[in-house]
């Protein structure tokens, strides 16, 4: 038998799958539009793609009356990045310390479990009261969301690190610092990278939700304003814009993740 | 020749949390002379790996003294090479970076490291794979990388803990021959742990048989086979079979005892 002349079934062909995916999206948008025009979905509540897509375009047009969209995007992304970075650093430091110091880990375990059991979004009002309606409260919410993901990932990775690797580098002459930087932290980074997309998504969600609850700028604020005027088109425009931005963020992170995991066997990526 | 490794009355008690403590090895006396290849065989759970970890200073003895070249073992010894049964290469480092580790920890410069690492990569046949990651290599290649990683600082003592037991038979024979070749004229002392009697005889100058746990030394046999040896042919040499039979009659009872004990503890 010769290789390469087999017929690949349609379901395994890349272009066919792509076309199918696009078809599903177009059908969904078309159905929304059609049902809206037919009066089945009341546009007052559910808007229509042909209404909110032009609205998004209008926001980006120079001199828009709805305020500077780039400012809103910038504010939301700044909050996301800050929440993500600070949350990751804190999670890494605390997770590492707890994994290395048994007593410390045991002492704080119940408290951390308690905090982790709180649905973090209910903390948003607390943070807004404490830190005001500006940047800080949004970052704080993002930090509490990201922290626990990174904390648990780091804690497990450092605690469960393969003892053979540690023994081996010690015999090769590693000092305590070398063990940390050559074995423990790379093991932790690997776990953090694996949870990178989840935690970045949480930081983004935290920023938007906190903006929605109380702020004077950002994409969440834009949705809240539209809602206050019963402007469902503005609400959906904001939601779609947020979804697109989240997708963009996710694909950037996917790229970064791929670059930093070349050393991993494929099935573990 | 002065002894390179000595163990005097060495015992080790493990105290696992929430389990009764148990005696892993009991009163082990052992001298390994400089430049000799000595293998320790015993049933699983007889504490033979414990001996190696004690010599390397990875764990501390409950009683007794251990010295390497007259220097008592008090902490992790960095003047020995240690080959683990499991993969010990850092998965996030390339082959070259892994082989360079010991030199980097000793603070050598880039130029100097390359000068010493490159010949070793060539010697174990990994030069074309220097920039690959461990998961991209076969099991035998990973073992070669580990050999190079340990030998790059030229330790006078090599401790090997069932290093080839995870390899298939053909690869294992290749690796055993390569090990003998590398060791050949090096004058290094090798303490080799295995549960495979054939492997132990084929490689060593001397054979040490352990009892089922707690491990004690049951018998010692010199291996009077000529060198250089080819491990896949030495099995047919006169003297191999008779030594195998004598050592196996010692080992068999211990293996059975160890097996019965594992059945009891499982039920």
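Residue numbers (the working numbering), protein chains in the order written: chain A, 271 to 539; chain B, -14 to 252.
From the three backbone atoms N, C-alpha and C, an ideal C-beta is built for every residue, glycine too.
Per the DSSP secondary-structure output, residue -1/B pairs in a beta bridge with 7/B. Close partners of residue 62/B in chain A (Cβ separation under 8 Å): 441. In the DSSP assignment, residue 121/B falls outside any alpha helix (DSSP H) and carries neither an H nor an E. With 16 or more other Cβ atoms inside 10 Å of its own Cβ, residue 350/A counts as buried.
By the neighbour-count criterion, in which a residue is buried when 16 or more other Cβ atoms sit within 10 angstroms of its Cβ, residue 291/A is exposed. Under the 10 Å beta carbon count, residue 94/B is surrounded by fewer than 16 other beta carbons and is classified as exposed. Look at the region 96 to 123 of chain B: the residues with a C-beta under 7 Å from a C-beta of chain A are 118 and 120.
The beta-carbon distance between residue 216/B and residue 162/B, rounded to whole angstroms, is 6 Å. This is short enough to meet the 8 Å contact definition. Using a Cβ-Cβ cut-off of 8 Å, residue 461/A does not count as an interface residue toward chain B, since no Cβ of chain B sits closer than that to its own. Separation of residue 279/A and residue 531/A (C-alpha to C-alpha, rounded to the nearest whole angstrom) is 32 Å. Where residue 217/B is concerned, the enclosing alpha helix (DSSP H) starts and stops at 216 to 219. Neighbours of residue 75/B in chain A, taken as residues whose beta carbon is under 8 Å from its own, are 435, 439, 452, 453 and 456 in chain order. Taking a contact to require three or more Cβ pairs closer than 8 Å, the region 4 to 14 of chain B and the region 190 to 208 of chain B qualify as touching. Separation of residue 20/B and residue 174/B (C-alpha to C-alpha, rounded to the nearest whole angstrom) is 4 Å. Residue 103/B: not part of any beta strand (DSSP E); member of the alpha helix (DSSP H) spanning 95 to 108, first to last residue. Going by beta carbons, residue 475/A and residue 424/A fall outside the 8 Å limit.
With respect to the 8 Å criterion, residue 409/A and residue 365/A are not classified as neighbours on the basis of their beta carbons.
Non-local beta-carbon contacts of residue 43/B in its own chain, meaning distances under 7 Å to residues more than five positions away in sequence, involve 61 in chain order. Around the beta carbon of residue 502/A, a 10 Å sphere encloses 16 or more other beta carbons of the protein chains shown; the residue is thus reported as buried. Excluding the 5 residues flanking it on each side, residue 429/A has same chain C-beta neighbours closer than 6 Å at 369, in chain order. The three-state secondary structure of residue 152/B, taken from DSSP, is coil.
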